[in-house]
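Working notes for the structure below.
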Amino acid sequence: MTDTAPGVSVDSVWKYYGDFPALRDIQLRIEPGSTVALLGRNGAGKTTLLRIIAGLAKASEGGVRIDNLDVREEATRRRIGILGHSISLYDELSAQENLTLFARLYGLAEPEKKALAWLKRTGLDRVRDGLVREFSRGMRQRLAVARAFIHEPDVLIFDEPFTALDDRAIAVLQSLLADAHAFGRTIILSTHQLREALEIATHVAMIQRGQLVFAGERTQQMVDDTSFLYRTYGEN
Amino acid sequence: MGAFWNGVWTIAQKDLRSELRTKEAFNASFSFSLVILVLFSFAFDPTSEELHAIAGGLLWIVFSFAGALILNRSFARELQNDCLDALVSAPISTAALFLGKTLANYFLLLLVEGAALAVFAILYDTHFSKQFWPVVLVVVLGTWGMTIIGTMFSALTVNLRMREMMLPTLVYPLLIPALMAAMTLTTDLMGGTPLGPGNTIWLRVLAGFDLIYSVLAVVFIDIVLVG
Amino acid sequence: MTSSTRDRFIYTLAVICAALLVWDFYKIFMVLPDEANQGAIYRIVYVHVPSIFTGFTGFFVALVASGMYLGTKNLKYDAFAAAVTEVALAFATIVLATGMIWGRIAWGVWWAWDARLTTMLVCWLIYWGYVMLRRAIEEPTQRARLSAVVSIFGCADILIVWKSIEWWRTQHPAPVLSMRDGGGMAPGMEAPIYWNWLAMMCLATIFVLVRMRQEETSREIDSLRRLAHSY
Chain A
1 MTDTAPGVSV DSVWKYYGDF PALRDIQLRI EPGSTVALLG RNGAGKTTLL RIIAGLAKAS
61 EGGVRIDNLD VREEATRRRI GILGHSISLY DELSAQENLT LFARLYGLAE PEKKALAWLK
121 RTGLDRVRDG LVREFSRGMR QRLAVARAFI HEPDVLIFDE PFTALDDRAI AVLQSLLADA
181 HAFGRTIILS THQLREALEI ATHVAMIQRG QLVFAGERTQ QMVDDTSFLY RTYGEN
Chain B
237 MGAFWNGVWT IAQKDLRSEL RTKEAFNASF SFSLVILVLF SFAFDPTSEE LHAIAGGLLW
297 IVFSFAGALI LNRSFARELQ NDCLDALVSA PISTAALFLG KTLANYFLLL LVEGAALAVF
357 AILYDTHFSK QFWPVVLVVV LGTWGMTIIG TMFSALTVNL RMREMMLPTL VYPLLIPALM
417 AAMTLTTDLM GGTPLGPGNT IWLRVLAGFD LIYSVLAVVF IDIVLVG
Chain C
464 MTSSTRDRFI YTLAVICAAL LVWDFYKIFM VLPDEANQGA IYRIVYVHVP SIFTGFTGFF
524 VALVASGMYL GTKNLKYDAF AAAVTEVALA FATIVLATGM IWGRIAWGVW WAWDARLTTM
584 LVCWLIYWGY VMLRRAIEEP TQRARLSAVV SIFGCADILI VWKSIEWWRT QHPAPVLSMR
644 DGGGMAPGME APIYWNWLAM MCLATIFVLV RMRQEETSRE IDSLRRLAHS Y
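Chains as they are written, first to last, in the working numbering: chain A, 1 to 236; chain B, 237 to 463; chain C, 464 to 694.
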């Protein structure tokens, strides 16, 4: 861990739905190279916060900066990779076409070559001309992982990445996450699968009713007893 | 600026490729226009002279109905698998994303209109060869207005429960001035009246409509898609 | 404005409005003579024209309020825009209804595709879409954002419609005798139009204030429901 400027800084973020504050004054500094597990129950505001960090929604007050640049700047978005509940791929395009499309959108040099490299890496190069519609669930998910990683983002944002994955996709994702962590990338992930998340996390943040109730380093105690956080910081 | 147009082109290409692969929207839209064209023959005597007086109006009714089917699919296509999130988080501006989708819709709509125009000419024995290029000009301008409004509202209604119902409710009233101008011009041209001082005012209405809404859409699309 | 001062304002306005209307309608029905060509029916103009002014004022104010919402993201402006649009839509309905009644008697048809009335009908359709859109969106912030954009698009359209329908009618002149083209009205007959406009603006303000309170209350209910469902 370094003492340089924070990788991701969430500055007093409020998000209102009408008069209801879904996020209240979230202050979070995420150091470059750390892996943060964002915990909280359904409806606590995890997805809302992740969408704001990813630049998919705007905060009502406050903002998110990545290396001191606003998250909606194009230069910043180039450095973010997201993977949500869904695969964000086009069913009627082939695997290669999908990856080439995103390589182009991210302005990568030689988009076709990049796409092919990632198809190999996720074990999909033999079906590269198959339409995504015809893929099995596991294949779709591996392709989605390739889509999120293709531009080698510095900041990876995952919303429930393990929920819909099969074993092989989890293995691919876990090895990629380990690689990313080794390369000093910043990773933010929200999940229900506490054990998987806590094993790879360096830091933990917990949200309850739109408020940040805990943010700090992950301890061995949390891994051994996954309900510890909820018992200690939860309301009941 | 190069990156901007690259983004526009990449999105347009993507939309056209997936549409041409399935041809879902095109087929639906074209067969729908065929049905309307056939239905018209029951509304009036298809061999009479009165046809020339209402031909322009009929055509634009076909175009705007056919257009609704294509435009409805435009952003709805992105809902499957949450593709819209991946596009919005990509480092292209929302204006480029919007223009790319608009261009793809524009091309598709022109294709359907060209086919419908040919069928119309055959079924109803109309001659627009005398005024061919002016008719093309009117179709090109009128369709752009329809496409820009339609794509904008396709984006605006994409997350609504009643999307299919809201889109026509919002789009058709806004299109009235553009359709009125296009109908008047097309009727004139098909009746043999060339463009002249009597009707160029309608060309200006069409061009003004296109310009005003192209600017407004590009300015407001980020508010619609991101907030 | 606290709720009790707002109430007092509403009641005061209501008294002024009632007094104005009674005085106006007394003049219109008891003092003014029948018009030479049209007879008694011309009196409908005293409802028709002030409603036009009130309606268009409303649509314009809604545009400004929508712009203010997008600029400040303060939901008060959204409630204001929504209230003003709905009230203006009600006045537009009055314009259409009175216009049709007058047309039936003066021209013999309910609807003659007269330029001004057609413009009003198009406006009505556009803002009816706005009201429908608001009903289709549950989340208040998203509703405010999207309907503000629709309001701005709609107002731009009115300007284009206004001009183009006039051209459309000039191209195909219809047998319309408009009182505006007929050399105006006698001075004594014109004044009640403006007094009635003032009365209707008071009435519209009352409706807007009441409607805004409903809007704020429903937002409060929505936020309480979200709170009850939150973890």
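Yeah, the Cβ is synthetic: ideal placement off N, Cα and C, and Gly gets one too.
message: Going by C-alpha to C-alpha distance, which of B:Ala279, B:Ile290, B:Gly303 sits closest to Ala352 of chain B?
response: Against the second sequence, residue 352 of chain B aligns to sequence position 116. Taking only the C-alpha atoms, the option nearest Ala352 of chain B is B:Gly303.
query: Run through DSSP, which three-state label would Met675 of chain C get?
result: Translated into the one-based positions of the third sequence, residue 675 of chain C becomes position 212. Three-state DSSP puts Met675 of chain C in a helix.
- prompt: What's the gap between the Cα of Pro638 of chain C and the Cα of Ser269 of chain B?
  reply: Here residue 638 of chain C refers to the residue found at position 175 when the third sequence is read from its first residue. Here residue 269 of chain B refers to the residue found at position 33 when the second sequence is read from its first residue. Caution applies to Pro638 of chain C, whose pLDDT of 38 falls short of 50 and renders its modelled position unreliable; the model cannot decide the point.
message: Can you look up Gly645 of chain C in the DSSP assignment and give me helix, strand or coil?
response: Your numbering for residue 645 of chain C matches position 182 in the third sequence. With a pLDDT of only 45 at Gly645 of chain C, under the threshold of 50, the placement of this residue in the model should not be trusted; the figure read from the coordinates follows. Gly645 of chain C carries a coil assignment under DSSP once its states are collapsed to helix, strand and coil.
message: Let me see if you follow: with CB-CB separation under 7 Å, is Ile188 of chain A close to chain B or not?
response: For the purposes of this step, residue 188 of chain A is identified with residue 188 of the first sequence, where counting begins at 1. No, no contact with chain B.
field: Proximity below 7 Å, CB of Val394 of chain B to CB of Phe280 of chain B
entry: Numbered from 1 along the second sequence, position 158 holds the residue referred to as residue 394 of chain B. Numbered from 1 along the second sequence, position 44 holds the residue referred to as residue 280 of chain B. No. Outside cutoff.
query: Going by DSSP, what residues sit across from Pro425 of chain C in a beta bridge?
result: The structure shown does not extend to residue 425 of chain C, since chain C spans only 464 to 694, so no value can be given for it.
- prompt: What residues from the region 202-221 of chain A come within 9 Å of chain C, judged by C-beta to C-beta, listed N to C?
  reply: The residues in question are Gln208, Arg209, Gly210.
- prompt: Between the Cα of Thr535 of chain C and the Cα atoms of C:Ser686, C:Ile628, C:Ala611, which residue gives the shortest distance?
  reply: Taking the third sequence and counting its residues from 1, the one referred to as residue 535 of chain C is at position 72. Checked all of C:Ser686, C:Ile628, C:Ala611; the closest Cα to Thr535 of chain C is C:Ala611.
query: Taking 7 Å as the CB-CB limit, is Phe301 of chain B close to chain C?
result: Working through the second sequence from its first residue, we reach residue 301 of chain B at position 65. No, Phe301 of chain B lies away from the interface with chain C (no Cβ there is under 7 Å from its Cβ).
message: Would Ile515 of chain C and Leu672 of chain C qualify as a contact pair, given that the criterion is a beta-carbon distance under 7 Å?
response: Translated into positions along the third sequence, residue 515 of chain C becomes position 52. Translated into positions along the third sequence, residue 672 of chain C becomes position 209. No, these two residues do not count as a Cβ contact at 7 Å.
message: Against chain B, with Cβ distances strictly below 7 Å, would Leu687 of chain C count as a contact?
response: In the third sequence, residue 687 of chain C corresponds to position 224, counting from 1. Chain B contact via Cβ: absent.
query: When burial is assigned at 16 or more other CB atoms within 10 Å of the CB, is Asn341 of chain B buried or exposed?
result: Within the second sequence, the letter at position 105 stands for residue 341 of chain B. Asn341 of chain B is buried by the Cβ-count criterion.
field: Test item: CB-CB of Gly62 of chain A and Ser9 of chain A under 7 Å
entry: Numbered from its first residue, the first sequence carries residue 62 of chain A at position 62. Numbered from its first residue, the first sequence carries residue 9 of chain A at position 9. In this structure, Ser9 of chain A does not lie closer than 7 Å to Gly62 of chain A by Cβ.
query: Counting pairs of beta carbons, one from the region 546-562 of chain C and one from the region 663-670 of chain C, are three or more of them closer than 8 Å?
result: yes
query: Is any beta-carbon of chain A found at less than 7 Å from that of Asn395 of chain B?
result: Here residue 395 of chain B is taken as the residue at index 159 of the second sequence, counted from 1. With 7 Å as the cut-off, Asn395 of chain B does not count as an interface residue toward chain A.
Three-way DSSP call (helix, strand, coil) for Glu285 of chain B in this model: Counting from 1 along the second sequence, the entry for residue 285 of chain B is found at position 49. Correct three-state label for Glu285 of chain B: coil.
- prompt: For Ala57 of chain A and chain B, any beta-carbon pair shorter than 7 Å?
  reply: Here residue 57 of chain A is taken as the residue at index 57 of the first sequence, counted from 1. Taking Cβ atoms only, chain B reaches closer than 7 Å to Ala57 of chain A, which makes this a yes.
query: Which residues of chain A have a Cβ atom closer than 9 Å to the Cβ of Glu683 of chain C, listed in chain order?
result: Here residue 683 of chain C is taken as the residue at index 220 of the third sequence, counted from 1. The answer, in chain order, is Gly18, Asp19.
- request: Verify the CB distance criterion: does Ala544 of chain C have a CB-CB separation below 7 Å to chain B?
  value: As a first step, residue 544 of chain C must be located in the third sequence, where it is residue number 81. False, the Cβ-Cβ gap to chain B never drops below 7 Å.
Minimum Cβ-Cβ distance from Leu410 of chain B to chain C less than 7 Å: Start at 1 with the first residue of the second sequence, and residue 410 of chain B comes out as number 174. Closer than 7 Å to some Cβ of chain C, the Cβ of Leu410 of chain B qualifies, so yes.
query: chain B partners of Arg104 of chain A, CB-CB under 7 Å?
result: In the first sequence, counting from the first residue as 1, residue 104 of chain A sits at position 104. The contact set of Arg104 of chain A on chain B, defined by CB atoms closer than 7 Å, consists of Thr246 in chain order.
- request: Compare the beta carbon distance of Leu212 of chain A and Ile26 of chain A with 7 Å and say whether it is the shorter of the two.
  value: Counting from 1 along the first sequence, the entry for residue 212 of chain A is found at position 212. Counting from 1 along the first sequence, the entry for residue 26 of chain A is found at position 26. The answer is yes: Cβ separation under 7 Å.
- request: Using the Cα positions of Ser467 of chain C and Thr680 of chain C, report the straight-line distance between them to the nearest angstrom.
  value: Start at 1 with the first residue of the third sequence, and residue 467 of chain C comes out as number 4. Start at 1 with the first residue of the third sequence, and residue 680 of chain C comes out as number 217. Cα to Cα, Ser467 of chain C sits roughly 15 Å from Thr680 of chain C.
field: Buried versus exposed call for Phe20 of chain A [16 or more other C-beta atoms within 10 Å across all chains shown]
entry: What you label residue 20 of chain A is simply residue 20 of the first sequence in a count that begins at 1. Phe20 of chain A comes out buried.
- prompt: Three-state secondary structure (DSSP) at Met663 of chain C?
  reply: Taking the third sequence and counting its residues from 1, the one referred to as residue 663 of chain C is at position 200. Helix at Met663 of chain C.
- prompt: Can you name the start and end residues of the beta strand (DSSP E) that Leu38 of chain A belongs to?
  reply: In the first sequence, counting from the first residue as 1, residue 38 of chain A sits at position 38. Element bounds for Leu38 of chain A: 35-39.
query: Listed in chain order, which residues of the region 352-374 of chain B have Cβ atoms closer than 7 Å to some Cβ of chain C?
result: none
field: Whole alpha helix (DSSP H) elements within the region 159-197 of chain A, 4-residue minimum
entry: 167-182
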